[in-house]
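One point on numbering: in full-length UniProt numbering, the residue at position 35 of the sequence shown is 35, and numbering is uninterrupted. Have a look at the structure below before the remarks.
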Amino acid sequence: MNNDTDFLRQAIELAYQNSEAGGRPFGAVIVKDGQVIASGVNQILSTNDPTAHAELQAIRAASKQLNSANLEGCIVFASGHPCPMCMAAMRMAGIQAVNYAYSNEAGEPFGLSTAAIYADLAKPFAEQSMQIRYVPVRLEHKPDLYAYWKSLA
1 MNNDTDFLRQ
11 AIELAYQNSE
21 AGGRPFGAVI
31 VKDGQVIASG
41 VNQILSTNDP
51 TAHAELQAIR
61 AASKQLNSAN
71 LEGCIVFASG
81 HPCPMCMAAM
91 RMAGIQAVNY
101 AYSNEAGEPF
111 GLSTAAIYAD
121 LAKPFAEQSM
131 QIRYVPVRLE
141 HKPDLYAYWK
151 SLA
């Protein structure tokens, strides 16, 4: 039977393998009921997709494996501190817990920390580095989009 340390070691091993293949040093495994159901590695460099983080790749694989976007009961084990995008995706997927082995502080000297992004996101929209605007545009000859969507269900 595996424990948290074993699952973290698997994620770290994936990160080493990905590094050796020319990728970034991140790996993740998703566990449900004590079994690994999916894994992923960071594929940003090989795909030119800035969202191809190890955790998101593992979430995509787990969703396919379970045939569901709902990953309740799953736990993520990641080699490094998940970024805000990955944390949000895990929450939206219903992941119950995340464990990681390398901190943002450990990644900082190598340009692998997302602490600055976390800090920026904690600010009010008007103070963040990215411009964020609410522009309430609606289509004149269409019903309210959300009400319309709900009526189709």
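Note that CB positions come from ideal geometry on N, CA and C, so glycine has one too. Owing to the predicted nature of the structure, the values given are computational and were not obtained by experimental measurement.
Beyond the five residues adjoining it in sequence on each side, I37 comes within less than 6 Å, by CB distance, of I30, A62 and Q65 in the same chain, given in chain order. As computed with DSSP, S129 is found in no beta bridge at all. When DSSP reads this structure, Y100 sits in a beta bridge with A78. The count of Cβ pairs closer than 8 Å, one atom from the region 14 to 33 and one from the region 116 to 128, stays below three, leaving the stretches out of contact.
Judged by DSSP in its simplified three-state form, Q17 adopts helix. Counting only the Cα atoms, L45 lies some 11 Å from T51.
A distance of 9 Å or more separates the beta carbons of E72 and Q57.
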